[in-house]
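The block underneath contains the structure these notes are about, expressed in structure tokens.
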């Protein structure tokens, strides 16, 4: 259990870098094409590893195969598309902050859809972590503390991206009880690439072309290998062991990590709201991790 907690902490801290990386790469690669590159490259790695590590793995039944397909469509293609399109009209910091939509949706819907209730201590930790993330978000969302929102279209797409990410976890929890994280990730990422291909084709026909350079290629490979392939493998492994609502709480690390990256890389101010939110998030995670033996 502690290994799952540690990996989820590390995975979410690493994933928090994806927003800044994506924003930089979008200057060179169109949004849908970038999503397709992430899925094709990441999928090729995961499928190859799955065939080497689990060559005799049993094929899923029809119901589980359908669920994995929807995981790919709703949990890979949709959030990548919404997220990349949103980032073209918003900021990397807002993308990191608005990911709070994902754990809120998982924690709210997990008990009803999956029957996975939190203990009182875990619920208190979840509340503190979410409150901390909201404190960070309120400090950073234009329109709440900085006047009328200049990026409302992009922010709306980022909210939809967070909801789509939540669907991946809610759809995948039951499947991960019957199949390995490697098998589920491999099948779902392939379906994500299939669903993303038409969007990239439409974008290409509309005239959007990549401008390849070292930054664009390196950033795309980082997003594909580290964030997509490795990140989703770790997430599915942890999800299969500790449950969806509990795993979702660790996502609240991303807003504070995103704010720190904003300070370091985007030269944004470190405010009292950011510090207070960080304290609440860490406290909430501690309550959650220690809430059940």
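In our numbering, the protein residues as written are -9 to 283. Glycine included, each C-beta is placed from N, C-alpha and C at the ideal position.
Quick one: using the 10 Å Cβ neighbour count with 16 as the cut-off for buried, is residue 145 buried or exposed?
-> Along the chain shown, one-based indexing puts residue 145 at 155. So residue 145 ends up on the buried side.
By a C-beta neighbour count over all protein chains shown, 10 Å radius and 16 as the cutoff for buried, is residue 80 buried or exposed?
-> Residue 80 sits at position 90 when you count from the first residue of the chain shown. Buried: at least 16 other Cβ atoms inside 10 Å.
Would you kindly check if the distance between the Cβ of residue 77 and the Cβ of residue 227 is under 9 Å?
-> In the chain shown, the residue the question calls residue 227 occupies position 237. In the chain shown, the residue the question calls residue 77 occupies position 87. No; because the gap between Cβ atoms is not below 9 Å, this pair is not in contact.
Determine the extent of the alpha helix (DSSP H) in which residue 209 is found, giving its start and end residues.
-> For this step, residue 209 is matched to residue 219 along the chain shown. Residue 209 -> alpha helix (DSSP H) spans 204 to 212.
Helix, strand or coil at residue 112 according to DSSP, with G and I counted as helix = Locating residue 112 in the chain shown gives position 122, where the first residue counts as 1. Here residue 112 sits in helix by DSSP.
Touch test, the region 185 to 198 against the region 25 to 35, Cβ-Cβ under 8 Å, three pairs minimum | yes
Could you have a look at residue 273 and say whether DSSP puts it in helix, strand or coil?
-> Start at 1 with the first residue of the chain shown, and residue 273 comes out as number 283. Residue 273: helix per DSSP, three-state reduction.
Under a three-way DSSP split, which group does residue 267 fall into?
-> For the purposes of this step, residue 267 is identified with residue 277 of the chain shown, where counting begins at 1. Looking at residue 267 - three-state DSSP - the assignment turns out to be helix.
From the DSSP output, in three-state form, read off residue 66 for me.
-> For this step, residue 66 is matched to residue 76 along the chain shown. If DSSP states are grouped into helix, strand and coil, residue 66 belongs with the helices.
Residue 179 burial status per 10 Å Cβ neighbour count (16 or more: buried) | The residue you call residue 179 lines up with position 189 of the chain shown. With 16 or more other Cβ atoms within 10 Å, it is buried.
By DSSP, does residue 87 sit in helix, in strand, or in coil?
-> As a working note, residue 87 is residue 97 in the chain shown. Of the three classes helix, strand and coil, the one that applies to residue 87 here is helix, per DSSP.
Answer yes or no: do residue 114 and residue 277 have a C-beta to C-beta separation smaller than 9 Å?
-> Residue 114 sits at position 124 when you count from the first residue of the chain shown. Residue 277 sits at position 287 when you count from the first residue of the chain shown. Yes; because the gap between Cβ atoms is below 9 Å, this pair is in contact.
Tell me whether the beta-carbon of residue 247 lies closer than 9 Å to the beta-carbon of residue 2.
-> Translated into the one-based positions of the chain shown, residue 247 becomes position 257. Translated into the one-based positions of the chain shown, residue 2 becomes position 12. Their beta carbons are under 9 Å apart, which means residue 247 touches residue 2 by this criterion.
Roughly how many angstroms separate the alpha carbons of residue 201 and residue 231, rounded to a whole number?
-> By one-based count along the chain shown, residue 201 stands at place 211. By one-based count along the chain shown, residue 231 stands at place 241. The alpha-carbon atoms of residue 201 and residue 231 are separated by roughly 42 Å.
Nonlocal neighbours in the same chain, by C-beta distance under 6 Å from residue 156, ignoring five residues either side | Locating residue 156 in the chain shown gives position 166, where the first residue counts as 1. These residues qualify, in order along the chain: 92, 95, 96.
Close beta carbons around residue 142, own chain, < 6 Å, minus the five adjacent residues each side | Numbered from its first residue, the chain shown carries residue 142 at position 152. So no residue of the chain qualifies.
Per the contact definition of three or more C-beta pairs closer than 8 Å, is the region 61 to 78 in contact with the region 147 to 154?
-> Segments in contact, yes.
Reducing DSSP to helix, strand and coil, say where residue 50 ends up.
-> Position 60 of the chain shown holds residue 50. Three-state DSSP puts residue 50 in coil, outside helix and strand.
Within the same chain, show all residues whose beta-carbon is closer than 8 Å to that of residue 206, passing over the 5 residues directly before and after it, in chain order.
-> Stepping through the chain shown from its first residue, residue 206 is reached at position 216. Hits under 8 Å: 15, 17, 18, 19, 200.
Per-residue burial, residue 257 [other beta carbons within 10 Å of its own, 16 or more giving buried] = For the purposes of this step, residue 257 is identified with residue 267 of the chain shown, where counting begins at 1. Exposed, because fewer than 16 other Cβ atoms sit within 10 Å of the Cβ of residue 257.
DSSP three-state assignment for residue 16, whether helix, strand or coil | The residue given as residue 16 occupies position 26 in the chain shown. Residue 16 falls in the coil class under three-state DSSP.
If you drop the 5 nearest sequence neighbours on each side, which residues of the same chain put their C-beta closer than 7 Å to that of residue 171?
-> By 1-based counting over the chain shown, the position of residue 171 is 181. Within the same chain, residue 171 has close Cβ partners 223, 226, 227, 230.
For the candidate residues 263, 272, 251, 196, whose alpha-carbon lies nearest to that of residue 8?
-> As a first step, residue 8 must be located in the chain shown, where it is residue number 18. Of all alpha-carbon atoms in 263, 272, 251, 196, the one lying nearest the alpha-carbon of residue 8 is that of 251.
Under 8 Å by Cβ, that's how I've got residue 174 and residue 58 pegged, so tell me the actual separation to the nearest angstrom.
-> By 1-based counting over the chain shown, the position of residue 174 is 184. By 1-based counting over the chain shown, the position of residue 58 is 68. At roughly 6 Å, the Cβ-Cβ gap stays under 8 Å, so residue 174 and residue 58 are in contact.
Mapping DSSP to helix, strand and coil, what is residue 201?
-> Position 211 of the chain shown, counting from 1, holds the residue named residue 201. Note: residue 201 maps to coil in three-state DSSP.
Whose C-beta lies closer than 7 Å to the C-beta of residue 60 among residues of the same chain, with five residues either side of it excluded?
-> Start at 1 with the first residue of the chain shown, and residue 60 comes out as number 70. 161, listed in sequence order.
Do residue 120 and residue 89 have their C-beta atoms closer together than 9 Å?
-> The residue labelled residue 120 in the question sits at position 130 within the chain shown. The residue labelled residue 89 in the question sits at position 99 within the chain shown. In this structure, residue 89 does not lie closer than 9 Å to residue 120 by Cβ.
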